[in-house]
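Numbered by the numbering used here, the letters in the sequence shown go through residues 1 to 180 in order.
The beta carbon of each residue, even a glycine, is placed where N, CA and C say it ideally should be.
Note sheet for the following structure.
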Amino acid sequence: MHLSYQAAAVALSSLIHALDELDMVAVVRYAYDRRANPQCLVYIQLPFMEDLRQYMFSSLQNKKKCTPTEAQLSAVDALIDSMSLVKRDEEDGTIEDLFPTTKIPNPQFQRLFQCLLHRALHPQEPLPPIQQHILNMLDPPAEVTANCQDPLSKIKALFPLTEVIKRKDQVTAQDIFQDM
Numbered sequence: 001m002h003l004s005y006q007a008a009a010v011a012l013s014s015l016i017h018a019l020d021e022l023d024m025v026a027v028v029r030y031a032y033d034r035r036a037n038p039q040c041l042v043y044i045q046l047p048f049m050e051d052l053r054q055y056m057f058s059s060l061q062n063k064k065k066c067t068p069t070e071a072q073l074s075a076v077d078a079l080i081d082s083m084s085l086v087k088r089d090e091e092d093g094t095i096e097d098l099f100p101t102t103k104i105p106n107p108q109f110q111r112l113f114q115c116l117l118h119r120a121l122h123p124q125e126p127l128p129p130i131q132q133h134i135l136n137m138l139d140p141p142a143e144v145t146a147n148c149q150d151p152l153s154k155i156k157a158l159f160p161l162t163e164v165i166k167r168k169d170q171v172t173a174q175d176i177f178q179d180m
C-alpha cells in the first residue's frame with residue numbers, strides 16, 4: 001500500500017472510531033470525481049432548506065364528516081383480511097402461499113430481456129407490446145380476487161363517490177396575456 005494511502009486510511013479510521021464513540025455523524029460535502037470509485041462510507045443526502053416545505057393541514061380528528069363509522073371500519077378490515085396472500089388451513093395447521101414470490105420471475109427483467117432479444121434480432125423494428133405471460137405475473141391470484149368481491153361491494157355501498165363538478169375554468173397567465 002502506498003504511504004499516502006496508508007496515512008489517509010489511518011486518519012479515516014480514527015475519524016470513524018471517534019464518531020462512533022461519541023455517537024455522532026459527520027455532515028460532509030460530496031465531491032464527485034469521475035476517476036474515483038469510493039469504496040467505503042455511507043453517503044445519505046441531506047435536504048437543503050429549499051427542499052423542505054411546511055404545509056399546514058387541519059386536523060381530521062375534530063371533523064365529524066371525516067370520521068369513519070363502525071360499519072365503514074369493519075368493511076375496510078374485511079377487505080384487508082380478504083386480500084391476504086397466505087392461506088392457513090386450521091385443521092392441518094399448514095400455510096399455503098398464494099403468491100409465491102420466490103417462484104415468480106421479476107416482470108421488469110422479463111420485459112427487459114424481451115426488448116433486448118427483439119432489438120438484437122430486429123434492430124429496425126419498434127419494440128413489441130408486453131407479452132401476455134409478463135402481464136399475467138402482475139395479476140393477483142384468482143382466489144384473492146374472488147375473496148375481495150364481497151368486501152369491495154360493501155365498501156362501494158358505504159363510501160359513495162360523487163363526481164365533483166368544476167366550478168369555473170382556471171385562467172392561466174398565458175390566457176390573460178395572449179394578445180401582448
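Three-way DSSP call (helix, strand, coil) for residue i in this model
i: ASP53; result: Per the sequence presented here, residue 53 reads as Arg, with Asp not at that position. ARG53: coil per DSSP, three-state reduction.
i: VAL25; result: coil
i: LYS65; result: coil
i: ARG111; result: helix
i: ARG88; result: strand
i: LEU95; result: For the sequence presented, residue 95 should be read as Ile rather than Leu. If DSSP states are grouped into helix, strand and coil, ILE95 belongs with the strands.
i: GLN124; result: coil
i: THR162; result: coil
i: LYS154; result: helix
i: THR101; result: helix
i: THR145; result: helix
i: TYR5; result: helix
i: ASP264; result: As displayed, the chain neither begins before 1 nor continues past 180, which places residue 264 out of reach and without an answer.
7 Å Cβ shell around residue i - same chain, five flanking residues per side excluded
i: ALA75; result: PRO151, LYS154, ILE155 and LEU158
i: LEU79; result: CYS148, PRO151, LEU152 and ILE155
Nonlocal neighbours in the same chain, by C-beta distance under 8 Å from residue i, ignoring five residues either side
i: VAL86; result: ILE95, GLU96, ASP97 and LEU98
i: PRO105; result: MET137
i: ALA71; result: LEU158
Neighbour-count burial assignment, residue i, 16 or more Cβ in a 10 Å radius
i: ASN62; result: exposed
Between the CA atoms of residue j and residue i - distance to the nearest angstrom
i: ASP23; j: TYR32; result: 27 Å
i: VAL25; j: ALA9; result: 18 Å
i: ARG34; j: VAL28; result: 19 Å
i: THR145; j: LEU117; result: 33 Å
i: VAL171; j: PHE177; result: 11 Å
i: THR101; j: PRO140; result: 12 Å
i: GLN174; j: MET56; result: 30 Å
i: PRO107; j: LEU73; result: 34 Å
i: SER13; j: SER4; result: 14 Å
i: THR162; j: CYS66; result: 15 Å
i: PRO123; j: CYS115; result: 10 Å
i: ALA181; j: GLN45; result: This structure cannot settle anything about residue 181, because the visible part of the chain is limited to 1 through 180.
i: GLU125; j: LEU112; result: 16 Å
Residues near residue i in its chain [Cβ-Cβ closer than 6 Å; skip 5 each side]
i: SER59; result: none
i: PRO267; result: Because the chain in this structure spans residues 1 to 180, residue 267 falls outside the shown range and cannot be described.
i: GLN110; result: ILE134
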